[in-house]
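Protein chains: 2
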Amino acid sequence: MSNLSSCSSACGTQGAVDVTGCRFSLYPMTDQFVEVIVSAIHKLNTEKVWAQTDHLSTLYRGKQLHVIDCVRAAFIYAYQPNLHMVSELTFSRGCPGDVDADSFLNTDDIANNLITIPQGKNIPVSAKISFYAFGVDSYMSHIQHVVELAHKYQLSPQKAHYVTMINGSASQIFAYFDEVLAYARQHLPHYVLEATLSVNSPSKVMEN
Amino acid sequence: MSNLSSCSSACGTQGAVDVTGCRFSLYPMTDQFVEVIVSAIHKLNTEKVWAQTDHLSTLYRGKQLHVIDCVRAAFIYAYQPNLHMVSELTFSRGCPGDVDADSFLNTDDIANNLITIPQGKNIPVSAKISFYAFGVDSYMSHIQHVVELAHKYQLSPQKAHYVTMINGSASQIFAYFDEVLAYARQHLPHYVLEATLSVNSPSKVMEN
């Protein structure tokens, strides 16, 4: 557990730093959930991110491209064709109380995992996302832009209460997240992207 | 799926309405996840909330006390002593594009489920929460207040990157959520409380 003050916690007032982070969890709905999670995490190359696992989630911090690379790879490694699995991701950057500790920023820009695994083009994903921008009056316009970007990746965004629903391959969805975060980094001091990804949901059963 | 514009989606500009909502999901890590979820949902009395289930989550909208009552009861009904389960909850109120449709506001204040089930005093829960306030410059001070409130409920809040970790019984945690939302409703035009609750996590295994 970090002792650092950070966001949604007890932030200080120092300037924001250029660390992108993602706190993520995998929820495989199987009796073998431990094996699925541990096996996926152990396959990752995490040498270009600061990494920490606790009893609720795993946290990666560093350059945006490496953070995305690691969570995409973890999701793809954990995926099994007949297994219902949900993954919860919280991307964040710019909390006023954040610090540049707990991060690796002096790395090159070669995504270590992407070059060794498939991009997830054949993994169909249903997801809900929420984009939050802080400290600006125009936050709704940034949300609107993020939703519009989903069309570019053929994710068919659908409005719903509190979230936007999207559908696409894992490859499309993580590429979309990458562009959303790049847009946010360029335009906003502090933002959060919350996403929940679901694969192989027996939705017809669940909706009855 | 609702066709309404709502938050993190494509909000309009009409005034905010007094509807509290919660989008929540249950993730039981078992081969029998469908039975666990469906059984819990069917036990609920949801006559005082507007309810909708899709392939990703269930949504309740209405008065705050009834929304809390339903998600607490769903969590308690789904709980099993030896089953690792995670629940993801997004409480929200005040999106500029929200509307008072899809809600039940003309109800009494008697919590239907709480009077028929235990409050969850014997269910130990580990959770992470993030509180987000929008459209105000002082958002960090409201986050700070929400974190401080956790002490009142003996939840031992711990700072971590992007979230605050809390620990307590299900009863304590939902009572805390109720007070957080009451505080937010009084002080903020638009807010979101994201929470992830975990029970029976084999954390020592997972952290190795």
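Which chain is which? The protein sequence lines are A and B, in order.
The first sequence lines up with residues 1 to 208 when you count with the numbering used here.
The second sequence lines up with residues 1001 to 1208 when you count with the numbering used here.
Yeah, the Cβ is synthetic: ideal placement off N, Cα and C, and Gly gets one too.
Taking C-beta atoms as the reference points, Leu1026/B and Ala1078/B count as a pair closer than 7 Å. Shortest Cα-Cα distance from Ser126/A to any of His142/A, Cys22/A, Gly168/A, Thr90/A involves Gly168/A. Three or more beta-carbon pairs drawn from the stretch 17-24 of chain A and the stretch 84-98 of chain A are found closer than 8 Å, and the two stretches are therefore classed as touching. Asp1100/B is outside the set of residues whose beta carbon lies under 7 Å from a beta carbon in chain A. Per the coordinates, the alpha-carbon of Leu114/A lies some 42 Å from the alpha-carbon of His1145/B.
Contact between Met165/A and Lys121/A is absent: CB atoms are separated by about 21 Å, not below the 8 Å threshold. Close to Glu1194/B, with beta-carbon spacing below 7 Å, are these residues of chain A in chain order: Glu194. Contact of Phe1104/B with chain A by beta-carbon distance below 7 Å is absent, the smallest such distance being about 14 Å.
If you look at Gln1158/B, you'll find it in the beta strand (DSSP E) that goes 1158-1160. Scanning chain A for C-beta atoms nearer than 7 Å to the C-beta of Arg1023/B yields His161, Tyr162, Val163, reported in chain order.
Straight-line measurement puts the Cα of Ala184/A at about 14 Å from the Cα of Ala150/A. Within the model, the alpha-carbon separation for Leu1089/B versus Met85/A is close to 17 Å.
With a threshold of 16 other beta carbon atoms within 10 Å, Lys1152/B falls short and is exposed.
For the C-beta of Tyr1139/B, the chain A residues within less than 8 Å are, from N- to C-terminus, Phe134, Gly135.
Listed in chain order, the beta strand (DSSP E) runs fully inside the stretch 1084-1157 of chain B are 1085-1093, 1124-1133, counting runs of at least 3 residues.
Here the alpha carbons of Leu1056/B and Leu83/A stand approximately 15 Å from one another.
Here the stretch 1029-1047 of chain B lies against the stretch 28-44 of chain A, with 3 or more beta-carbon pairs under 8 Å apart. At a cut-off of 7 Å between beta-carbon atoms, Leu44/A makes no contact with chain B.
If you draw a straight line from the Cα of Gln1119/B to the Cα of Tyr1162/B, it is about 29 Å long. Residues are counted here when their Cβ sits less than 8 Å from a Cβ of chain B; for the stretch 27-41 of chain A these are Tyr27, Pro28, Met29, Thr30, Asp31, Phe33, Val34, Ile37, Val38, given in chain order.
The beta-carbon of Thr107/A is placed no less than 7 Å from the nearest beta-carbon of chain B. Beta-bridge annotation (DSSP): Leu59/A is paired with Arg23/A, Gln52/A.
Membership of Val38/A in the alpha helix (DSSP H) is indicated by the continuous run 33-43. The beta carbon of Lys121/A sits no closer than 7 Å to any beta carbon of chain B. For Ser198/A, the three-state secondary structure derived from DSSP is strand.
Listed along chain A are Glu88, Thr196, each with a C-beta nearer than 7 Å to that of Glu1088/B.
With respect to the 7 Å criterion, Lys48/A and Phe134/A are not classified as neighbours on the basis of their beta carbons. Using a Cβ distance threshold of 7 Å, Asp1102/B and Trp1050/B count as a contacting pair.
Chain-ordered, the chain A residues with CB closer than 7 Å to the CB of Ser1092/B read Tyr162. Excluding five sequence positions before and after Pro157/A, the CB atoms of its chain that fall closer than 6 Å to its own CB belong to Val147, Ala150, Thr164, Ile166, given in chain order. In the three-state reduction of the DSSP assignment, Leu1193/B falls in the strand class, which pools E and B. Secondary structure at Val17/A: coil, using DSSP grouped into helix, strand and coil. By the neighbour-count criterion, in which 16 or more other beta carbons inside 10 Å mark a residue as buried, Gln186/A falls on the exposed side.
In this structure, the beta-carbon distance from Tyr132/A to Tyr1132/B falls below 7 Å. Ranked by Cα distance from Gln64/A, the first of Glu179/A, Ile143/A, Ala195/A, Leu197/A is Glu179/A.
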